[in-house]
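Asks: First the structure, then my questions, so here it is.
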Amino acid sequence: MIREFSHSIAQLFPYKVLHGMVKPKIVAPFYHTISNVAPLHIASLYPVYTPEQFERHLEFLLKHFEPTISTDIPLILSGKRKSKKPALFLSFDDGFKEIATIVEPILSKKGIPATFFVSPNFVDNRDLLFRCKLSLIVSRLSGFEDKSALTGVLENITGARNIGVNQIKGIVYGLGHNDSDSIDTIANAVGLNFAEYLKIHQPYLTLNQLLTLSSKGYTIGAHSLTHPLFSALLFEEQLNEVQQSVDWVQQNIPNQPKLFAFPFTSHGVDGRIFKHFIDSNEPKIDLMVGTSGYKPTHNSRFLHRIPMEMSLVSAKARLKSELFYYLAKALVGKHNDKLGYGKH
Numbered sequence: 105m106i107r108e109f110s111h112s113i114a115q116l117f118p119y120k121v122l123h124g125m126v127k128p129k130i131v132a133p134f135y136h137t138i139s140n141v142a143p144l145h146i147a148s149l150y151p152v153y154t155p156e157q158f159e160r161h162l163e164f165l166l167k168h169f170e171p172t173i174s175t176d177i178p179l180i181l182s183g184k185r186k187s188k189k190p191a192l193f194l195s196f197d198d199g200f201k202e203i204a205t206i207v208e209p210i211l212s213k214k215g216i217p218a219t220f221f222v223s224p225n226f227v228d229n230r231d232l233l234f235r236c237k238l239s240l241i242v243s244r245l246s247g248f249e250d251k252s253a254l255t256g257v258l259e260n261i262t263g264a265r266n267i268g269v270n271q272i273k274g275i276v277y278g279l280g281h282n283d284s285d286s287i288d289t290i291a292n293a294v295g296l297n298f299a300e301y302l303k304i305h306q307p308y309l310t311l312n313q314l315l316t317l318s319s320k321g322y323t324i325g326a327h328s329l330t331h332p333l334f335s336a337l338l339f340e341e342q343l344n345e346v347q348q349s350v351d352w353v354q355q356n357i358p359n360q361p362k363l364f365a366f367p368f369t370s371h372g373v374d375g376r377i378f379k380h381f382i383d384s385n386e387p388k389i390d391l392m393v394g395t396s397g398y399k400p401t402h403n404s405r406f407l408h409r410i411p412m413e414m415s416l417v418s419a420k421a422r423l424k425s426e427l428f429y430y431l432a433k434a435l436v437g438k439h440n441d442k443l444g445y446g447k448h
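The following block contains the structure:
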């Protein structure tokens with residue numbers, strides 16, 4: 105609600121005014137995929153920009169920012185490297201196949217570097233992110249006639265009684281990373297076979313495609329092994345998700361910097377994670393990134409990124425919203441992220 109109100113107010117201001125007030129060193133927009141038609145495993149999760157819309161985003165971004173590579177970000181944030189324009193760090197999460205077929209040709213044509221964050225468990229279409237499974241289930245509901253049978257399945261799973269048809273979507277969306285058995289049960293009830301979907305549609309990049317992207321100069325980063333919500337994990341589990349996914353990239357894709365993007369959000373991450381990986385003279389990871397929009401931190405090896413798919417708007421409108429929201433938070437001292445220090 106606050107975000108939506110802030111977005112509306114932000115559009116009343118010229119972009120140059122907001123940019124001049126904030127004076128960002130760097131902006132880091134990120135996406136998941138680009139497609140003319142939203143894939144079913146994404147369609148119920150967030151809006152998807154078309155290639156034409158994405159190119160218009162890039163045109164605006166290139167007008168105001170200078171593209172940069174991941175290894176330069178700590179230098180920019182620490183003030184050791186400066187340029188005429190603020191820096192632009194572009195990235196994509198989850199490793200969907202459209203990165204190779206749609207995104208890369210557009211970026212290569214414009215000469216824009218980018219980083220693609222992947223979860224090893226999904227590379228080569230070995231498994232499907234649980235949220236993508238939920239999207240497939242929801243997409244199947246509109247044509248599924250025997251909803252009374254489905255409510256019976258949901259009642260067995262949740263222990264609730266008298267579940268109404270209008271409650272089905274809410275219950276499905278409420279399932280999480282650790283509810284794989286329940287998700288599979290519901291999928292079976294609506295006639296979905298995830299293994300078959302993976303085989304037919306192959307939604308994710310293969311290792312060979314990642315190697316090709318790397319050979320073209322794009323960087324590949326880690327996005328955890330299984331894409332869990334980190335705040336729901338124990339410290340040791342968080343540690344393993346980071347370390348093992350970074351190790352996988354290092355072992356499988358040559359000459360990559362050590363990069364990690366938190367899945368969903370870095371909010372609630374154990375503060376010891378940051379101390380372990382990036383708070384030392386010899387950091388174990390070159391750069392970690394979050395998803396909290398334009399929100400600076402004190403650590404030059406951590407960067408928050410701007411989620412561009414909250415709604416289908418222009419890049420100008422999205423950045424105006426972020427910069428205005430930053431200014432509003434600054435009034436109450438909420439504009440910086442302390443990265444959970446002191447919380448564990």
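Residue 105 is where the sequence shown starts when you use this note's numbering, and the numbers rise one by one after that. Note that the Cβ used here is the ideal one computed from N, Cα and C, for glycine as well.
I want to know whether the stretch 247-259 touches the stretch 297-304 - three or more CB-CB distances under 8 Å.
Replies: Result no; under three Cβ-Cβ pairs closer than 8 Å.
Asks: If I measure Cβ to Cβ from Ser-396 and keep anything under 6 Å in the same chain, skipping five residues before and after, which residues do I get?
Replies: Hits under 6 Å: His-408.
Asks: Around the C-beta of His-136, are 16 or more other C-beta atoms found within 10 angstroms, so that it is buried, or is it exposed?
Replies: Per the 10 Å Cβ criterion, buried.
Asks: So who's on the other strand from Ser-223, going by DSSP bridges?
Replies: Paired residues: none, contrary to the question.
Asks: Let's see if you can read the secondary structure: which residues bound the alpha helix (DSSP H) around Thr-316?
Replies: Note, Thr-316: alpha helix (DSSP H), 311-319.
Asks: Can the beta-carbon of Ile-130 be found closer than 8 Å to that of Leu-181?
Replies: Going by C-beta atoms, Ile-130 is nearer than 8 Å to Leu-181.
Asks: Compute the beta-carbon to beta-carbon distance between Tyr-153 and Lys-420, rounded to the nearest angstrom, for a pair I have assumed lies under 8 Å.
Replies: At roughly 14 Å, the Cβ-Cβ gap does not stay under 8 Å, so Tyr-153 and Lys-420 are not in contact.
Asks: Let me know the secondary structure DSSP gives Thr-137 once reduced to three states.
Replies: Three-state DSSP puts Thr-137 in coil, outside helix and strand.
Asks: Span of the beta strand (DSSP E) holding His-408?
Replies: Note, His-408: beta strand (DSSP E), 406-408.
Asks: Does the Cβ of Leu-363 have 16 or more other Cβ atoms within 10 Å, making it buried, or fewer, making it exposed?
Replies: Buried, because 16 or more other Cβ atoms sit within 10 Å of the Cβ of Leu-363.
Asks: Just to confirm the assignment, what range does the alpha helix (DSSP H) spanning Asp-228 have?
Replies: That residue, Asp-228, is in no alpha helix (DSSP H); it is neither H nor E in DSSP.
Asks: Might you give, ordered along the chain, the residues of its own chain that have their beta carbon closer than 8 Å to the beta carbon of Ile-410, omitting 5 neighbours on each side?
Replies: Closer than 8 Å at Cβ, skipping near neighbours: Val-131, Ala-132, Pro-133, Phe-134, Gly-397, Tyr-398, Arg-422, Leu-423 and Glu-426.
Asks: Is Phe-406 near Phe-378, with beta carbons less than 8 Å apart?
Replies: For Phe-406 and Phe-378, yes; Cβs fall inside 8 Å.
Asks: Spatial neighbours of Lys-433 within its chain, please: CB distance less than 7 Å, with the 5 preceding and 5 following residues excluded, ordered by chain position.
Replies: Closer than 7 Å at Cβ, skipping near neighbours: His-439.
Asks: Are Pro-155 and Pro-217 closer than 8 Å when you measure CB to CB?
Replies: Not closer than 8 Å, so no.
Asks: Report the three-state DSSP secondary structure of Ala-326 (helix, strand or coil).
Replies: Looking at Ala-326 - three-state DSSP - the assignment turns out to be strand.
Asks: Quick check on Asp-288: does DSSP put it in helix, strand or coil?
Replies: Of the three classes helix, strand and coil, the one that applies to Asp-288 here is helix, per DSSP.
Asks: Could you give the distance in angstroms between the alpha-carbon of Pro-387 and the alpha-carbon of Phe-381?
Replies: Using only the alpha carbons, I get a separation of about 6 Å.
Asks: In angstroms, rounded to a whole number, what distance separates the CA positions of Lys-428 and Ala-264?
Replies: One point to set straight first is that residue 428 is Phe, not Lys, in the sequence displayed. The alpha-carbon atoms of Phe-428 and Ala-264 are separated by roughly 43 Å.
Asks: Compute the Euclidean distance between the alpha carbons of Ser-148 and Pro-178, then round it to the nearest angstrom.
Replies: Roughly 36 Å between the two C-alpha positions.
Asks: Using alpha carbons as the reference points, say which of Thr-401, Asn-260, Asn-385 and Ser-335 lies closest to Phe-366.
Replies: Selected option, being the one with the closest Cα: Ser-335.
Asks: Taking just the CA atoms, how far does Pro-190 sit from Leu-122?
Replies: So the alpha carbons of these two residues sit roughly 14 Å apart.
Asks: Please go through the stretch 176-210 and give each complete beta strand (DSSP E) segment of 3 or more residues, from N-terminal end onward.
Replies: Segments of the beta strand (DSSP E) lying fully in the stretch 176-210: 195-197.
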